[in-house]
Amino acid sequence: MTTTPSISGTELTDPQTQALLLKLTVLADDEIILAHRNGEWTGHAPILEEDIALANIAQDELGHAGLYLSLAQTLGGSDPDQVAFWRGPDDYRNTRLVELPKGDWAFTMVRQFLYDTAEALWLEAATRSTYAPLAEIAAKAVREEKFHVQHTALWVERLALGTPESERRTQAALTELWPHAAQLFQPVKGEDELTAAGILPDLTAVHARWTDLVTRHLVDKSGLTLPDAPTTQPGRDTHTEHLAPLLEEMQSVARQHPDAEVW
Amino acid sequence: MEDSTPSTINHQLSTIWAALAQIPDPEIPVVSITDMGMVRDVTVGDTGRVTVTFTPTFSGCPALHVIRESIEQAVRDLGVADVEVRSTLTPPWTTDWIGDDARERLRQYGIAPPAPTGEGQLIQLDAEPTRCPRCGSLNVRMTASFGPTLCKRMYVCDACREPFEGFKSV
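Quick note, the sequences are listed as chains A and B, same order.
Residue numbering for the first sequence follows the UniProt record's numbering, starting at 1 and increasing by one per position.
Residue numbering for the second sequence follows the UniProt record's numbering, starting at 1 and increasing by one per position.
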């Protein structure tokens, strides 16, 4: 939906606008791709309530992507539908964390927990942005994100402390996903300047808070073991082979009916 | 009101608010969009243009376009040709804006009204205490943290054994 910010906020310089456009794309891309992976559980989740929960979570994440892309549009970006449905894998800037296939239930819950906590902490910090339109979006989205965190934190704990099989699967998921999660804290080009201007949260500080929170929950409370953090990361323009088929499926309706006005 | 606003405009504003109060929430028809606190502002411009500002409850709410169209139609039905429907995120919608009368109607409909949001931490792992809308007991269990719509969760009351929906405190 279209949002009319009521306060224009800080006047942005050209380089700031370009960096912010990239950051909003990065944020939206993570939300869109993860929402699609969540949607893949529709009709397949272990119980009906979880089918509904993941569909709810996916709906929220798409709502957040809509907020980011609508703001990007006011800054000179493309129409949100164009951005979501007419870019190929080379132009998507999501992390590898969110594009990996949905895996089993433990994999899905661990990924969602790592992502939700990162998103919630980032949004909480972004409510203090000096750029009013971003602060508004963050204030809105963080209220929704807290329900995701509550839900996935409980699932991860339950699986980790459940049966030997559920513990084995949860640990395997964490071992595989942990290195990819670090990519969520990779700054985009020009982000430092936006952080210095108070427009974006300090990513290093958010990363530290996140590491503390997830360590307390995964290690202290749930008895899991964290693998070593990776020393290097691929860029957000480097994808696994899993993104292209995902986009092909996600974009198939739009591309078959390019002139459709109502979907 | 003793101010310089012409009485015709006052009359028109109250008529518009009354019309908006007739629009049911698409997902919970027992309450209206004004009961929910979704309509933030109504203005009538010099040219007669009516601007209605509303705030979405949840950002991914699928009923938003229905609400937007309903607002526009309700104002047009009053004979207004020039209608603008705007949305705003500031301040973000909160369940604290749901009126007492609407809370009671929610309860009678079988939906536990939301608890006050309070000043708790934004990131917390425990759900707020909820009362069974049927027998009033606090001896309830949450059975699903996401319900049939974004704004609700599912519960079972251990006192009267009734399953029920509860409005999330946002």
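Using N, Cα and C, we set each Cβ at its ideal position, and we do this for glycine too.
Please list the partners that residue 151 of chain A has in chain B, where partner means a Cβ-to-Cβ separation under 9 Å. Taking the first residue of the first sequence as position 1, residue 151 of chain A is located at position 151. Chain B residues near residue 151 of chain A: 145 and 146.
Name the DSSP bridge partner or partners of residue 188 of chain B? For chain B, the structure presents residues 1 to 170; residue 188 of chain B sits outside this window and is missing.
Outcome for residue 108 of chain B when other beta-carbon atoms lying within 10 angstroms are tallied against a minimum of 16: For the purposes of this step, residue 108 of chain B is identified with residue 108 of the second sequence, where counting begins at 1. With fewer than 16 other Cβ atoms within 10 Å, it is exposed.
Residues near residue 52 of chain B by beta carbon distance below 6 Å, same chain, minus five either side: The sequence position of residue 52 of chain B within the second sequence is 52, counting from 1. Cβ neighbours of residue 52 of chain B beyond the five flanking positions: 42, 71 and 85.
Please name the residues in the stretch 173-200 of chain A whose beta-carbon is closer than 8 Å to at least one beta-carbon of chain B, in chain order. none
As an exercise, report each continuous alpha helix (DSSP H) stretch of at least 4 residues that is fully enclosed by the stretch 33-96 of chain B, in chain order. 64-76
Drop a sphere of 10 angstroms on the beta-carbon of residue 138 of chain B, count the other beta-carbons inside from all chains shown, and report buried for 16 or more, exposed for fewer. Working through the second sequence from its first residue, we reach residue 138 of chain B at position 138. Answer is exposed; the Cβ neighbour count stays below 16.
Give the range of the beta strand (DSSP E) segment to which residue 141 of chain B is assigned. Translated into positions along the second sequence, residue 141 of chain B becomes position 141. From DSSP, the beta strand (DSSP E) with residue 141 of chain B extends over 140-144.
Determine the extent of the beta strand (DSSP E) in which residue 155 of chain B is found, giving its start and end residues. The count along the second sequence starts at 1 and reaches residue 155 of chain B at position 155. Taken as a continuous stretch (DSSP letters only), the beta strand (DSSP E) holding residue 155 of chain B covers 152-157.
C-beta neighbour in chain B for residue 64 of chain A, strict 9 Å: The count along the first sequence starts at 1 and reaches residue 64 of chain A at position 64. Chain B contact via Cβ: present.
Per DSSP, what are the beta-bridge partners of residue 245 of chain A in this structure? For the purposes of this step, residue 245 of chain A is taken as the residue at position 245 of the first sequence. Residue 245 of chain A is not bridged to any residue.
Where residue 156 of chain B meets chain A, residues with beta-carbon distance less than 8 Å: As a first step, residue 156 of chain B is located in the second sequence; it is residue number 156 there, counting from the start. Near residue 156 of chain B there are no residues of chain A at all, since even the closest Cβ is about 12 Å away, more than 8 Å.
Around the Cβ of residue 253 of chain A, are there at least 16 other Cβ atoms within 10 angstroms (buried) or fewer (exposed)? Residue mapping note: residue 253 of chain A aligns to position 253 of the first sequence, counting from 1. With fewer than 16 Cβ atoms within 10 Å of its Cβ, residue 253 of chain A is classed as exposed.
Under 7 Å Cβ to Cβ from residue 250 of chain A, same chain only, skipping five residues before and after it: list those, please. As a working note, residue 250 of chain A is residue 250 in the first sequence. Cβ neighbours of residue 250 of chain A beyond the five flanking positions: 36.
Among residues of its own chain, excluding the 5 on either side of residue 119 of chain A, which ones have a beta-carbon nearer than 7 Å to its beta-carbon? Your numbering for residue 119 of chain A matches position 119 in the first sequence. Only 145 meet the Cβ criterion.
The alpha helix (DSSP H) spanning residue 44 of chain A covers which residue range? Looking up residue 44 of chain A in the first sequence gives position 44. Where residue 44 of chain A is concerned, there is no enclosing alpha helix (DSSP H), given that its DSSP letter is neither H nor E.
Give me the subset of the stretch 116-140 of chain A whose CB atoms are less than 9 Å from a CB atom of chain B, sorted by chain position. 117, 120, 121, 123, 124, 127, 132, 133, 135, 136, 137, 139 and 140
Since residue 215 of chain A is in the alpha helix (DSSP H), which residue starts that stretch and which ends it? Counting from 1 along the first sequence, the entry for residue 215 of chain A is found at position 215. Element bounds for residue 215 of chain A: 203-215.
Does the beta-carbon distance from residue 266 of chain A to residue 242 of chain A come in below 9 Å? Absent from the structure is residue 266 of chain A, since the part of chain A shown begins at 1 and ends at 263.
Rounded straight-line distance, which links the Cα of residue 204 of chain A to that of residue 192 of chain A: In the first sequence, counting from the first residue as 1, residue 192 of chain A sits at position 192. In the first sequence, counting from the first residue as 1, residue 204 of chain A sits at position 204. The alpha-carbon atoms of residue 192 of chain A and residue 204 of chain A are separated by roughly 11 Å.
Beta-carbon proximity of residue 63 of chain B to residue 26 of chain B, cut-off 9 Å: Residue 63 of chain B sits at position 63 when you count from the first residue of the second sequence. Residue 26 of chain B sits at position 26 when you count from the first residue of the second sequence. Result yes, Cβ atoms of residue 63 of chain B and residue 26 of chain B sit closer than 9 Å.
Simplified DSSP assignment, three categories, for residue 129 of chain B: Here residue 129 of chain B refers to the residue found at position 129 when the second sequence is read from its first residue. DSSP places residue 129 of chain B in coil when its eight states are reduced to three.
For residue 24 of chain B, which three-state DSSP category applies? Numbered from its first residue, the second sequence carries residue 24 of chain B at position 24. Looking at residue 24 of chain B - three-state DSSP - the assignment turns out to be strand.
Would you call the stretch 193-200 of chain A in contact with the stretch 15-31 of chain A, where contact means no fewer than 3 C-beta pairs closer than 8 Å? yes
As assigned by DSSP and simplified to three states, the class of residue 59 of chain A: The sequence position of residue 59 of chain A within the first sequence is 59, counting from 1. Residue state, collapsed to three classes: helix.
Can you give the Cα-Cα distance for residue 265 of chain A and residue 125 of chain A, rounded to whole angstroms? Residue 265 of chain A is absent from the structure shown; chain A starts at 1 and stops at 263.
Do we get a CB-CB distance below 9 Å when we pair residue 202 of chain A with the residues of chain B? Reading the first sequence from its first residue, position 202 is the one you call residue 202 of chain A. No, residue 202 of chain A does not count as interfacial toward chain B.
The alpha helix (DSSP H) with residue 136 of chain B in it runs from where to where? As a first step, residue 136 of chain B must be located in the second sequence, where it is residue number 136. From DSSP, residue 136 of chain B is part of no alpha helix (DSSP H); its letter is neither H nor E.
On a Cα-Cα basis, can you pick out the residue from A:122, A:29 and A:169 that is closest to residue 208 of chain A? On the first sequence, residue 208 of chain A is found 208 positions in, with the first residue counted as 1. For residue 208 of chain A, the nearest C-alpha among the options comes from A:122.
If the criterion is Cβ atoms closer than 9 Å, does the pair residue 106 of chain B and residue 28 of chain B meet it? Locating residue 106 of chain B in the second sequence gives position 106, counting from the first residue. Locating residue 28 of chain B in the second sequence gives position 28, counting from the first residue. Against a cut-off of 9 Å, the Cβ pair of residue 28 of chain B and residue 106 of chain B comes out as a contact.
Taking only runs that begin and end inside the stretch 109-192 of chain A, name each unbroken alpha helix (DSSP H) of 4 or more residues, in chain order. 132-160 and 164-181
Run through DSSP, which three-state label would residue 98 of chain A get? Start at 1 with the first residue of the first sequence, and residue 98 of chain A comes out as number 98. Three-state result, residue 98 of chain A: helix.
In three-state DSSP terms, what is residue 251 of chain A? The sequence position of residue 251 of chain A within the first sequence is 251, counting from 1. If DSSP states are grouped into helix, strand and coil, residue 251 of chain A belongs with coil.
DSSP state of residue 66 of chain A, grouped into three classes? Sequence index remark: in the first sequence, residue 66 of chain A carries index 66 (1-based). If DSSP states are grouped into helix, strand and coil, residue 66 of chain A belongs with the helices.
Given this structure, state the Cα-to-Cα distance separating residue 23 of chain B from residue 66 of chain B, to the nearest angstrom. Reading the second sequence from its first residue, position 23 is the one you call residue 23 of chain B. Reading the second sequence from its first residue, position 66 is the one you call residue 66 of chain B. Each residue's Cα considered, the two are about 11 Å apart.
Within 10 Å of its beta-carbon, does residue 14 of chain B have 16 or more other beta-carbons around it, so buried, or fewer, so exposed? The sequence position of residue 14 of chain B within the second sequence is 14, counting from 1. Answer is exposed; the Cβ neighbour count stays below 16.
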